[in-house]
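Just below is one structure, and these are the notes that go with it.
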Amino acid sequence: MAKSVRVPEQMQDKFNSIVVLTDTFCDQYLNDEYKEMVRLAVAALCRKRPSPLLKGKENTWAAAVVHALGMVNFLFQYEG
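Here the UniProt record's numbering is used: the first residue of the sequence shown is 1, the next is one more, and so on.
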C-alpha cells in the first residue's frame, strides 16, 4: 500500500503549520524516520472528513501526533 502525504487544498495551510513544528522537533530530537511518520500521520488527519485538525491549536496537534507515534514505537521505554 502506497503511503501518501497528499493533503486537500483547504487543509494545506493547517498541514504546513503543524509540519513546520513537527519537522523542527524531529530534526532536533528524533530522526528522519520519525519526521516521515509524523508527516504521514498529519496528512492522514487532514484527509479525514471532517478533519479533527480544524479544532484545536497547531502546537497541540503537533505535540499529540509526535507523542502518539512515540508511544506506539516505544520511544519512552527505559532501557536501563
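Glycine residues also receive a C-beta, built at the ideal position from the N, C-alpha and C atoms.
Q.
Just verifying my parser: in three-state terms, what is the DSSP assignment at G56?
A. Numbered from its first residue, the sequence shown carries residue 56 at position 56. In this structure, G56 counts as coil in the three-state DSSP scheme.
7 angstroms CB neighbourhood of L45 in its chain, flanking five on each side removed
Taking the sequence shown and counting its residues from 1, one reaches residue 45 at position 45. For L45, where only same-chain residues beyond five positions count, the Cβ hits under 7 angstroms are S51, P52, L53.
Are there 16 or more other CB atoms within 10 angstroms of the CB of T22, so buried, or fewer, so exposed?
-> For this step, residue 22 is matched to residue 22 along the sequence shown. By the neighbour-count rule (16 or more Cβ atoms within 10 Å), T22 is buried.
Practice problem: Leaving out five residues on either side along the sequence, give the residues of the same chain with a beta carbon under 6 angstroms from the beta carbon of A62. | Solution: By one-based count along the sequence shown, residue 62 stands at place 62. So the list reads I18, L21, T22, once near-sequence residues are dropped.
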